[in-house]
Amino acid sequence: MASDEYYMNVALDEARAAGDEGEVPVGAVIVRDGVILSRGHNCPVSTCDPSAHAEIVAIRRAAVKEKNYRLPGTTLYVTIEPCIMCAGALMHARVERVVFGALDPKGGAVRSVYTLFDDGKANHRPLIMQGVLESECREIIGGFFRQKRI
Numbered sequence: 001m002a003s004d005e006y007y008m009n010v011a012l013d014e015a016r017a018a019g020d021e022g023e024v025p026v027g028a029v030i031v032r033d034g035v036i037l038s039r040g041h042n043c044p045v046s047t048c049d050p051s052a053h054a055e056i057v058a059i060r061r062a063a064v065k066e067k068n069y070r071l072p073g074t075t076l077y078v079t080i081e082p083c084i085m086c087a088g089a090l091m092h093a094r095v096e097r098v099v100f101g102a103l104d105p106k107g108g109a110v111r112s113v114y115t116l117f118d119d120g121k122a123n124h125r126p127l128i129m130q131g132v133l134e135s136e137c138r139e140i141i142g143g144f145f146r147q148k149r150i
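Per the numbering used here, the sequence shown starts with residue 1, numbered consecutively.
Here you go:
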């Protein structure tokens, strides 16, 4: 079975695709038993949809593929820490494990600003792993915003 780093590299490919489209470069991949169910990247600007974050796109695609709005036994790999909206969707979809690269000190809802999965009130709490290919994930988003400021 492929490693967390392998799937995070796939998520980084998605993030690059988002950046190439002028979107904030965040990518996500959903995997079950070593099989990629779906991939997604940020596209809220191009779709005029504020909910079109990488995680939501990947969840929607996986749910359609599985013909089920629940995604038990899956792992979501995402290049940056999920926001509140995405963390909520991950809970509702019953994603088993969330692996992310870089912290989001402005909007992260897993470890940075909020810790939604740790408060004990949620009816589903995925396992969390952070820091996989962290420097690469941090650089791709940091580089995007540095370029925007020029």
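C-beta atoms are modelled at their ideal positions from N, C-alpha and C, and glycine is treated no differently.
On a Cα-Cα basis, can you pick out the residue from His53, Ile30, Ser3 that is closest to His64?
Checking the displayed sequence, the identity of residue 64 turns out to be Val instead of His. Ranking the options by Cα distance to Val64, first place goes to Ile30.
Cutoff 6 Å; reference Glu23; Cβ partners in own chain excluding five residues on either side: Asn42, Cys43, Val45, listed in sequence order.
- Query: At what residues does the beta strand (DSSP E) containing His41 begin and finish?
  - Reply: Note, His41: beta strand (DSSP E), 35–41.
Proximity to Ser38 [Cα-Cα], best of Thr74, Ile150, Phe145, Arg94:
Comparing Cα positions, the closest option is Thr74.
Buried versus exposed call for Leu76 [16 or more other C-beta atoms within 10 Å across all chains shown]: Counting the other Cβ atoms within 10 Å of the Cβ of Leu76 gives 16 or more, which makes it buried.
* Do the CB positions of Ala54 and Glu14 come within less than 8 Å of each other? -> Contact check for Ala54 against Glu14 passes: the beta carbons are separated by less than 8 Å.
Gly108 versus Cys137, Gly27, Cys86, residue with shortest Cα-Cα distance
The option with the nearest alpha carbon to Gly108 is Cys86.
Using a Cβ distance threshold of 8 Å, determine whether the region 127–146 contacts the region 85–101, with at least three qualifying pairs required. A contact exists between the region 127–146 and the region 85–101.
To the nearest angstrom, how far is it from the Cα of Pro25 to the Cα of Ser51? Linking Pro25 to Ser51 through their CA atoms gives a straight-line distance of about 15 Å.
Buried or exposed by the 16-neighbour rule on C-beta atoms within 10 Å, applied to Phe145: Exposed: under 16 other Cβ atoms inside 10 Å.
(Q) Please return the same chain residues whose Cβ sits closer than 8 Å to the Cβ of Arg111, not counting the five positions on each side in sequence. (A) Sequence-distant partners of Arg111 (beyond 5 residues in either direction) whose C-beta falls short of 8 Å from its own C-beta, in its chain, are Glu81, Leu103, Ile128, Gln130.
*Would you check if the distance between the CB atom of Val57 and the CB atom of Gly40 is smaller than 8 Å?*
Going by C-beta atoms, Val57 is nearer than 8 Å to Gly40.
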